[in-house]
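A.B. asks: This is the structure I want to talk about, given as structure tokens.
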Amino acid sequence: MADLARKFDVLVVGGGNAGLCAAISARRAGASVLVVDAAPKFYRGGNTRHTRNVRCAHDGASDTLSGPYPRDEFWDDIRRVTGGETNEPLARRMIDESSDLRRWLIAHGVRFQPPLGGTLGLGRTNSFFLGGGRAMLNALYRTAEALGVEIVYDADVIDLDVDAGVFKSASVKIDQRPCVVRAATLIAASGGFEANFEWLKACWGEAADNFLIRGTPYNRGTVLKILLDCGVGQVGDPTQCHAVAIDARAPKYDGGIITRLDCVVFGIVVNRDARRFHDEGEDVWPKRYAIWGRLVAGQPQQIAYIIFDASSLELFMPSLFAPLLAGSIGELAGRCDLDPTALEKTVRDFNAAVRPGTFDHSVLDDCRTEGLIPPKTHWARRIETAPFYAYPVRPGITFTYLGTRVDAQARMLMADGRPAANMFAAGEIMAGNVLGRGYAAGVGMTIGGVFGRIAGQEAAKGARN
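Quick note on numbering: my numbering labels position 113 of the sequence shown as 141, and the sequence is numbered without any gaps.
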């Protein structure tokens, strides 16, 4: 057990990717480091447990990447998915620093696997962790512990003593017993507020009751709220988040990657009225999959149905749950509790609008509809081969974008623009600086890894001074 009576150089709140990268960097710089994680040990690591890959700029193919991903292309992807709602200097620093992130992770025990093909087509841009996010976490925890980083689980930060931008101590409840932890510097890496339904409902109204939380139930935004109440500058829209369409039968919390549906591009998506409401073929999936959570959130009862036929069944990663199955579109409507006449008309109108082309889900192909609103601009194929399938989907929230404003040194900025004296942030709690909206696969891990390293280095330097 850590000696909590001593004063540490660096206190890291949160034990996921960002927190561990910060802790290891600070410790390697000579600082004494304490990590407190609100979760019990088995559930440590926040949303990192459910990740699979990280997006990094690189100059060429390797044993784990199928080709180059230049910095300019990475920037163009960020600019496009956010619609320009990003802090360009911070985004560009993230991209520049990402070029060394994979090497750094490997040096600290993380292993990667050969590039993957398949629906997401990320083999060139993203490196996949061998064993997934939990294996990646376990490697970083082993390294951190070997370096002498002290870690406490079941540790809820319930208050912070901050005076005019100067952190002094944290009140922490450990196994339900309160204590005060003193440190020269603070790194907040405790995630967003996506598991706090009261906060979600304050932003989204009653619709939030139908949201599912893909990741940890421990990201309740407690530290974020305390920091904002202490005068730290706020960044981001509280309704913006990384939200994807996930199987509506998933658990309320912690369903993870196995509940996500990657089959939108292979069919059509209809709401409770059996009507389409968005272009399913808008862009390649890694850049557009994260729009579907918000789209479904805007539909009646926050539910939708992905409809496809037998020709598409084996083209994507399935959900943990089997799709609904029927021999006809009318029968499938009944399985989904939809109006059969309405769904049959929607499918009939879609099929009539499809124009033939060369189908290729890995590129923006020429299979499209004509004269249909909304259109399907790519990957449009007639839904006509029995049996027919459907997945019910709801908004699956990964993390929220409301966060703390930071500078290029990961230092928190106060509401009046002044840098905090000794407070830093990394990961989801500051992701809104880079992600004003939208998402590209693997960028959350990039933000956490890059700004975690920066925060650790800067916090150690601050502690020495």
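Heads up, the beta-carbon is just placed ideally off N, CA and C, and yes, glycines get one too.
Apart from the five residues just before and just after R410, which ones in its own chain have a Cβ nearer than 6 Å to its Cβ?
C.D. replies: For R410, the CB contacts under 6 Å within the same chain, skipping 5 residues up- and downstream, are N379, V382 in chain order.
A.B. asks: If you drop the 5 nearest sequence neighbours on each side, which residues of the same chain put their C-beta closer than 7 Å to that of G111?
C.D. replies: R465, G466
A.B. asks: Taking only the alpha-carbon atoms, compute the straight-line gap between L118 and S390 and give it to the nearest angstrom.
C.D. replies: 30 Å
A.B. asks: Helix, strand or coil for S60? Go by DSSP, reduced to three states.
C.D. replies: coil
A.B. asks: Once you ignore the five residues that flank I334 on each side, which residues in its own chain have a CB closer than 7 Å to its CB?
C.D. replies: L289, C291, V292, G295, V297, A418, Y419, V421
A.B. asks: Rounded to whole angstroms, what is the Cα-Cα separation between T405 and E398?
C.D. replies: 9 Å
A.B. asks: Taking the alpha helix (DSSP H) that F479 belongs to, which residues open and close that run?
C.D. replies: First-last of the alpha helix (DSSP H) with F479: 471 to 492.
A.B. asks: On a CA-only basis, which of T114, G73, R108, S126 is nearest P98? Give me that one, please.
C.D. replies: S126
A.B. asks: If R55 and L175 are in contact, beta carbons under 8 Å, what's the gap, nearest whole angstrom?
C.D. replies: 5 Å
A.B. asks: On the criterion of 16 or more Cβ atoms from any shown chain inside 10 Å, does R376 qualify as buried, or is it exposed?
C.D. replies: exposed
A.B. asks: In terms of residue numbering, what span does the alpha helix (DSSP H) encompassing E372 cover?
C.D. replies: 368 to 381
A.B. asks: Since A217 and G460 are thought to touch, with beta carbons under 8 Å apart, how far apart are those beta carbons, to the nearest angstrom?
C.D. replies: Not a contact, Cβ separation roughly 14 Å.
A.B. asks: Counting C-beta neighbours from all protein chains within 10 Å, is the total for I401 16 or more, i.e. buried, or is it exposed?
C.D. replies: exposed
A.B. asks: Helix, strand or coil, according to DSSP, for V194 in the structure here?
C.D. replies: DSSP places V194 in strand when its eight states are reduced to three.
A.B. asks: Classify F387 as helix, strand or coil using the three-state DSSP reduction.
C.D. replies: coil
A.B. asks: Would you say L188 and I254 are within 9 Å of each other, going by their C-beta atoms?
C.D. replies: yes
A.B. asks: Taking the straight line between their C-alpha atoms, what separation do you get for I274 and E222?
C.D. replies: 15 Å
A.B. asks: With distances taken between CB atoms, is the gap from A278 to G472 smaller than 9 Å?
C.D. replies: no
A.B. asks: I'd like the list of long-range same chain contacts for D184, defined as Cβ closer than 6 Å, with 5 residues on each side in sequence excluded.
C.D. replies: A66, K201
A.B. asks: Could you round the C-beta distance between N115 and V462 to whole angstroms and report it? I think they count as a contact, below 8 Å.
C.D. replies: 7 Å
A.B. asks: Among A454, L214, T79, A468, whose alpha-carbon lies nearest the alpha-carbon of G476?
C.D. replies: A454
A.B. asks: Which runs of the alpha helix (DSSP H) at least 4 residues long sit entirely within the stretch 150 to 226? Give them in chain order.
C.D. replies: 160 to 175
A.B. asks: By Cβ distance below 6 Å, which residues in the same chain neighbour A318 in space, the five residues on each side in sequence not counted?
C.D. replies: H270, V272, Y467
A.B. asks: A361 and A370: beta carbons closer than 9 Å?
C.D. replies: yes
A.B. asks: Looking only at C-alpha atoms, which of G321, L252, I215, R162 sits nearest to T426?
C.D. replies: G321
A.B. asks: Kindly indicate the opening and closing residues of the beta strand (DSSP E) around T426.
C.D. replies: Counted as a single uninterrupted DSSP element, the beta strand (DSSP E) harbouring T426 occupies residues 416 to 428.
A.B. asks: From R120 to M458, what distance separates their C-alpha atoms?
C.D. replies: Taking the straight line from one Cα to the other gives about 15 Å.
A.B. asks: Just the Cα atoms here: how many angstroms apart are A438 and S90?
C.D. replies: Roughly 30 Å separates the two Cα atoms.
A.B. asks: Provide the residue span of the beta strand (DSSP E) that contains P279, from first to last.
C.D. replies: It is not in any beta strand (DSSP E) - P279 carries neither H nor E in the DSSP assignment.
A.B. asks: Residues in the same chain with beta-carbon distance under 6 Å from R139, minus the five sequence neighbours each way, listed in chain order, please.
C.D. replies: L158
A.B. asks: I think V61 touches V177, with their Cβ atoms under 8 Å apart; what is that distance to the nearest whole Å?
C.D. replies: 5 Å
A.B. asks: Can you give me the C-alpha to C-alpha distance between A414 and A436, rounded to a whole angstrom?
C.D. replies: 55 Å
A.B. asks: In angstroms with no decimal places, state the Cα-to-Cα distance between S340 and G309.
C.D. replies: 15 Å
A.B. asks: Under the criterion of a Cβ to heavy atom distance below 8 Å, does A448 qualify as lining the ligand NAP?
C.D. replies: In the structure shown, the ligand NAP is absent, as is every other ligand, since no ligand is present at all.
A.B. asks: I believe A192 touches G480 by the beta-carbon criterion, under 8 Å. Please report the beta-carbon distance rounded to the nearest angstrom.
C.D. replies: A Cβ-Cβ separation of about 26 Å leaves A192 out of contact with G480 under the 8 Å criterion.
A.B. asks: Rounded to the nearest angstrom, what separates V109 and R316 at their Cα positions?
C.D. replies: 8 Å
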